[in-house]
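In order, the protein sequences belong to chains A and B.
Throughout the first sequence, residue numbering follows my numbering, covering 29 to 340 in sequence.
Throughout the second sequence, residue numbering follows my numbering, covering 29 to 340 in sequence.
Structure, as structure tokens:
Number of protein chains: 2
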Amino acid sequence: MNHEFDAIAKLFQQRTPLQHPTTRIGNGDDASTHEIPQGFELVISTDTAVQGVHWPHNMGLDIAGNRAIQAALSDLAAMGAKPAWLWLSIMATNEHDLQQMSHGIVQACQQQAVELAGGDTVTSPTNAINVTVGGLIQKNKAMRRNNAVIDDDVWLFGDVGLSAAGLNQWLDGEHDGTFVPHFQDILPQLEQSQSLIDLAIKCCIDISDGLLQDAGHIAKASQVGIIINIENIKLLPSYAKLQHLGDEQVLKHILSGGEDYALLFTAPAKHQLTLSQLGAFKLGHCAQGSSVHLCYDGKTIDYNIKGFDHFA
Amino acid sequence: MNHEFDAIAKLFQQRTPLQHPTTRIGNGDDASTHEIPQGFELVISTDTAVQGVHWPHNMGLDIAGNRAIQAALSDLAAMGAKPAWLWLSIMATNEHDLQQMSHGIVQACQQQAVELAGGDTVTSPTNAINVTVGGLIQKNKAMRRNNAVIDDDVWLFGDVGLSAAGLNQWLDGEHDGTFVPHFQDILPQLEQSQSLIDLAIKCCIDISDGLLQDAGHIAKASQVGIIINIENIKLLPSYAKLQHLGDEQVLKHILSGGEDYALLFTAPAKHQLTLSQLGAFKLGHCAQGSSVHLCYDGKTIDYNIKGFDHFA
Numbered sequence: 029m030n031h032e033f034d035a036i037a038k039l040f041q042q043r044t045p046l047q048h049p050t051t052r053i054g055n056g057d058d059a060s061t062h063e064i065p066q067g068f069e070l071v072i073s074t075d076t077a078v079q080g081v082h083w084p085h086n087m088g089l090d091i092a093g094n095r096a097i098q099a100a101l102s103d104l105a106a107m108g109a110k111p112a113w114l115w116l117s118i119m120a121t122n123e124h125d126l127q128q129m130s131h132g133i134v135q136a137c138q139q140q141a142v143e144l145a146g147g148d149t150v151t152s153p154t155n156a157i158n159v160t161v162g163g164l165i166q167k168n169k170a171m172r173r174n175n176a177v178i179d180d181d182v183w184l185f186g187d188v189g190l191s192a193a194g195l196n197q198w199l200d201g202e203h204d205g206t207f208v209p210h211f212q213d214i215l216p217q218l219e220q221s222q223s224l225i226d227l228a229i230k231c232c233i234d235i236s237d238g239l240l241q242d243a244g245h246i247a248k249a250s251q252v253g254i255i256i257n258i259e260n261i262k263l264l265p266s267y268a269k270l271q272h273l274g275d276e277q278v279l280k281h282i283l284s285g286g287e288d289y290a291l292l293f294t295a296p297a298k299h300q301l302t303l304s305q306l307g308a309f310k311l312g313h314c315a316q317g318s319s320v321h322l323c324y325d326g327k328t329i330d331y332n333i334k335g336f337d338h339f340a
Numbered sequence: 029m030n031h032e033f034d035a036i037a038k039l040f041q042q043r044t045p046l047q048h049p050t051t052r053i054g055n056g057d058d059a060s061t062h063e064i065p066q067g068f069e070l071v072i073s074t075d076t077a078v079q080g081v082h083w084p085h086n087m088g089l090d091i092a093g094n095r096a097i098q099a100a101l102s103d104l105a106a107m108g109a110k111p112a113w114l115w116l117s118i119m120a121t122n123e124h125d126l127q128q129m130s131h132g133i134v135q136a137c138q139q140q141a142v143e144l145a146g147g148d149t150v151t152s153p154t155n156a157i158n159v160t161v162g163g164l165i166q167k168n169k170a171m172r173r174n175n176a177v178i179d180d181d182v183w184l185f186g187d188v189g190l191s192a193a194g195l196n197q198w199l200d201g202e203h204d205g206t207f208v209p210h211f212q213d214i215l216p217q218l219e220q221s222q223s224l225i226d227l228a229i230k231c232c233i234d235i236s237d238g239l240l241q242d243a244g245h246i247a248k249a250s251q252v253g254i255i256i257n258i259e260n261i262k263l264l265p266s267y268a269k270l271q272h273l274g275d276e277q278v279l280k281h282i283l284s285g286g287e288d289y290a291l292l293f294t295a296p297a298k299h300q301l302t303l304s305q306l307g308a309f310k311l312g313h314c315a316q317g318s319s320v321h322l323c324y325d326g327k328t329i330d331y332n333i334k335g336f337d338h339f340a
């Protein structure tokens, strides 16, 4: 831990008093320590959000703080892990901005009942938030990208495209736009993720870069083809909600919008009924190959809109 | 994991192939997973370094990358933990800078034999590096700030003041200055830290903000007074090395220079001989009180130079 954090550590500790039962030494020392229960694995992921890159300059820093935590937790959902702790680095241009970001961060920690186990706060010419999240999962139960197999169905939990529509509204100056909350308020699919673990689902990813690009990560890692049917896309609630944009724009938002934090996963056919009852949407299936194909009326169609890629 | 990392993930994976025996799922999925051996606790710390704040703008980014890793590992040394994994967020203004920082990061991972278990890479108006480090320690063995007791001696492992002297040389344009390597090449006291664990030492901190300020953290957390004898300070090798600066400047460098990454710890008197043989330096002792006092010729002296404090 960096001692620069001391200045606001009290504020944080008062407002995030939660300590996970595994924690032996919590926030306030050089590091935190945790005892992992037998039969469980530790799951860790880290994520950074930068002002002007991951959220617009004129958006509230409390919202940015909340988003940073929720987005990081989405990576745990993708693995099937239950969140336990997080470690935070806040880079702030001044103390006011620090307080604003902190406000949203505390809110998210409380909402998701995650322990703030450590962190540092540093001055920086740019506001940015790094969140490392840790969670627990039963041994050998973690869902991975490389576990899709041919004939698995491809499924979705959550909305796609609405976040991109919200960001566009914000950037167009419609700060009260209907879709803006879908960009601002990330809801990691943590409960849905536990349902998948209960069903012994093996392959999952969270959609941060866009449905097609993240499906591509599964296809490549698992060495399967992923067939997504436009007919299924058109049945998504998101499709109806975005229909005023016109077919082409709706598809673009849904297939490559990004920042959806929905879960894309594959499952054996036997789970079809259960998954539908749980509120998941079937998008297609896995076949031979190692890339993603869109299908309409039984035919493969060309589609080359890629998701967001830094340094691309 | 953020998929933006994919662009250089291969580079990293090729050059940091090491996987810790605990790791079940390594770099390349949404998160990494690890199985903690029975009888051990997980130890985690996070740290951020920002260009122009934590290292000078005109310093090599490979050096900055190396420093960021080593500084983070120093927090594990402070707890007595053995490093196992790290998770990385690189914020880079362009691909060239990203490559430069990566170079130093890879070098440090190799040197310290730590697994790069995940991370992301994002564009940012400011170059910055966040490192979360994880390690293992036997149950209930971690050294803490709040374990100092009255009559403990106060000890130091490592140099103090040389890093500050090196930074000053750099800022004065003496880029080949004798002390510059002490600022650039951080050597976390990992082996010394294990010696302390072997001796069942209970209280330790790493000196990042300056000797006096970090001693203050122990004093406050442990509710003991910490008496540091100037006579002992004058016996430090660092004192001799800096003597050309004149007494006042030497003291300033040693007592509040910062970024030393030395270990300050307290130990019962019975360990005096062993600790001296291990190369530690005795600085003073713990007494009643809750703050730090400098002593010369048996009398308390005034000294009010504080360490570096962001947002202070």
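Each residue gets a CB set at the ideal place from its N, CA and C atoms; glycine is no exception.
Query, Result
"For residue 62 (chain A), which residues in chain B fall below 9 Å Cβ to Cβ?", "64, 69, 70, 71 and 72"
"Is the CB of residue 129 (chain B) under 8 Å away from at least one CB in chain A?", "no"
"Which first and last residues belong to the beta strand (DSSP E) in which residue 111 (chain A) is found?", "110–120"
"Taking C-alpha atoms, which residue in B:56, B:263, B:233 and B:40 lies nearest to residue 311 (chain B)?", "B:263"
"State the Cα-Cα distance for the pair residue 131 (chain B) and residue 225 (chain B), rounded to the nearest angstrom.", "33 Å"
"So what does DSSP say about residue 254 (chain B), is it helix, strand or coil?", "strand"
"Quick check: what's the CA-CA separation for residue 166 (chain A) versus residue 208 (chain A)?", "37 Å"
"With distances taken Cα to Cα, identify the nearest neighbour of residue 227 (chain B) among B:306, B:45 and B:118.", "B:306"
"Is the CB-CB distance between residue 188 (chain B) and residue 100 (chain B) below 8 Å?", "no"
"For residue 328 (chain A), which residues in the same chain have their Cβ closer than 6 Å to its Cβ, ignoring the five residues on either side in sequence?", "321"
"Is it the case that the Cβ atoms of residue 53 (chain B) and residue 61 (chain B) are separated by a distance below 8 Å?", "yes"
"Taking beta-carbon pairs under 9 Å, can you tell me which members of the segment 167–182 of chain B lie near chain A?", "167, 168, 170, 171, 172, 173 and 174"
"Do residue 277 (chain A) and residue 143 (chain A) come within 8 Å of each other at the CB atom, strictly closer than that value?", "no"
"Output the residue ranges of the beta strand (DSSP E) runs that lie fully inside the segment 120–200 of chain A and measure 3 residues or longer, sorted by chain position.", "143–151, 156–166 and 181–185"
"Given that residue 224 (chain A) touches chain B, what residues does it touch there, using C-beta distances under 7 Å?", "Going along chain B, no residue has its Cβ under 7 Å from residue 224 (chain A), so there is no contact; the nearest lies around 13 Å."
"Would you identify the three-state DSSP class for residue 82 (chain A), choosing helix, strand or coil?", "coil"
"Check the DSSP bridge columns for residue 327 (chain A) and list the partner residues they point to.", "A:324"
"Grouping DSSP H, G and I as helix and E and B as strand, with all else coil, what is residue 310 (chain A)?", "strand"
"Name, going along the chain, the residues of the segment 104–119 of chain A whose beta-carbon falls closer than 9 Å to a beta-carbon of chain B.", "104, 105, 106, 107, 109, 113, 115, 116, 117, 118 and 119"
"In whole angstroms, what separates the C-alpha of residue 239 (chain A) from that of residue 184 (chain B)?", "54 Å"
"Chain A partners of residue 153 (chain B), CB-CB under 9 Å?", "78, 79, 80, 81, 153 and 154"
"Show which residues of chain B have a CB atom less than 8 Å away from the CB atom of residue 136 (chain A).", "Per Cβ cutoff of 8 Å: no residues; residue 136 (chain A) is ~17 Å from chain B at best."
"Spatial neighbours of residue 126 (chain B) within its chain, please: CB distance less than 8 Å, with the 5 preceding and 5 following residues excluded, ordered by chain position.", "36, 118, 120 and 149"
"Between residue 165 (chain B) and chain A, is any beta-carbon pair separated by less than 8 Å?", "yes"
"Based on the DSSP secondary-structure assignment, which residues constitute the bridge partners of residue 62 (chain B)?", "A:70 and B:51"
"What does DSSP give as the partner residues of residue 282 (chain B) in its beta bridges?", "Note: residue 282 (chain B) sits in no beta bridge, so no partner."
"Just the Cα atoms here: how many angstroms apart are residue 80 (chain B) and residue 206 (chain A)?", "41 Å"
"Quick one: using the 10 Å Cβ neighbour count with 16 as the cut-off for buried, is residue 78 (chain B) buried or exposed?", "buried"
"Can you tell me which of the three DSSP states residue 225 (chain B) falls into?", "helix"
"Going along chain B, which residues have a C-beta under 8 Å from residue 186 (chain A)?", "Those do not exist, as residue 186 (chain A) stays about 15 Å from chain B at its closest Cβ, beyond 8 Å."
"Please state the DSSP three-state secondary structure of residue 214 (chain A).", "coil"
"Looking at the C-beta of residue 158 (chain B), does it have a partner C-beta in chain A at a distance below 8 Å?", "yes"
"Counting only beta-carbon atoms, is residue 275 (chain A) nearer than 8 Å to chain B?", "no"
"Can you tell which of A:316, A:65, A:325 and A:104 has its C-alpha closest to the C-alpha of residue 342 (chain A)?", "Lying before the first or after the last residue shown, residue 342 (chain A) is absent from chain A, which here runs from 29 to 340."
"Chain A beta carbons: is any one of them nearer than 8 Å to that of residue 31 (chain B)?", "Residue placement at residue 31 (chain B) is poorly supported in this model, since its pLDDT is 44, which falls under 50; the coordinates are not used for a value here."
"For residue 75 (chain B), which residues does DSSP report across the bridge?", "B:159"
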